Structure formats: structure tokens, C-alpha cells
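K.L.:
In our numbering, the protein residues as written are 17 to 144. Following this message is one structure expressed as C-alpha cells.
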């Protein structure tokens with residue numbers, strides 16, 4: 017478990033170390049309950065929940081919407097995913113491979129399913 021706490025799960029969506037969030041040494045402003053939810057979700061391998069928490073962790077979204085840009089957190093995740101898939105296909109493929117093992121208790125499996133639907137140019141075989 018210590019390795020998970022001290023490393024980042026992947027570089028695109030889950031780019032904060034659990035230890036940095038817990039110790040409040042992350043390079044961004046951290047708000048609750050999202051900081052705690054991020055840590056718990058990463059450790060429990062609930063990757064959809066972890067991604068959702070990561071996108072809320074700085075407190076810029078209110079009720080699931082980034083009011084500054086009038087876009088939902090889900091739509092922002094999918095927009096970023098399109099960019100990541102195009103600009104960093106190998107890292108995107110690595111992230112998807114990790115997400116295949118998301119815990120069955122993940123409440124935001126819709127995020128994982130949405131990420132799997134993004135098309136990109138990289139050989140990858142994922143279970144349906």
C-alpha cells in the first residue's frame with residue numbers, strides 16, 4: 017500500500033500522490049471533501065470516483081459544474097480525454113489499462129466507460 021501512497025497512479029487524470037494530498041503538500045489548493053475522497057478512491061481502486069474527485073479537488077466546480085466555463089465536470093473530463101488521447105496516446109493507453117481494474121464499488125463507472133469510448137491512434141485491447 018505504501019507504494020500506492022507515494023506514487024501517482026497515472027500521469028493524466030490521477031496526477032497527485034496520495035501522500036501529497038494527505039500531507040497537504042500538493043502543488044494545488046485542496047478542498048474537502050474532495051481531497052479525502054481522492055485519497056480513499058485511489059487506495060480502493062475506485063478510479064472513476066478518484067478522477068471525479070481530482071477534478072473537484074481545487075474547489076473550482078460547484079454542484080458538478082465549472083461555473084467559470086459553464087461546463088460539467090464530466091464534460092471537462094471528456095474534453096481533456098480527447099486532448100490527452102490525441103497528444104499523448106501512449107499515456108492515455110496506460111491510463112485505460114489501469115482503469116480496467118477499477119473496483120466494482122466505483123460509483124462513477126460512467127467516467128471509465130466514457131474514457132474507453134474516446135478514439136485514438138494506439139494499439140490497445142481492452143475487455144468490453
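Think of the CB as a built atom: it goes at the ideal place given N, C-alpha and C, for glycine as much as any other residue. Just so we're clear, the structure is a prediction, and the values are computed from it rather than from any experiment.
Here's the rule: buried if 16 or more other CB atoms are within 10 angstroms of the residue's CB, otherwise exposed. What is residue 121?
P.N.:
Flag for residue 121 reads exposed.
K.L.:
Here's the rule: buried if 16 or more other CB atoms are within 10 angstroms of the residue's CB, otherwise exposed. What is residue 25?
P.N.:
When all chains shown are included, residue 25 counts as buried.
K.L.:
When DSSP labels each residue in this structure, what does residue 118 get in the three-state scheme?
P.N.:
Residue 118: coil per DSSP, three-state reduction.
K.L.:
Could you check if residue 75 is buried or exposed, using at least 16 other CB atoms within 10 Å of its CB as the buried criterion?
P.N.:
Answer is exposed; the Cβ neighbour count stays below 16.
K.L.:
Rounding to the nearest angstrom, what Cα-Cα distance links residue 107 and residue 28 in this structure?
P.N.:
Cα-Cα distance, rounded: 7 Å.
K.L.:
Where does residue 127 sit, in a helix, a strand or coil, going by DSSP?
P.N.:
Reduced to three states, the DSSP call for residue 127 is helix.
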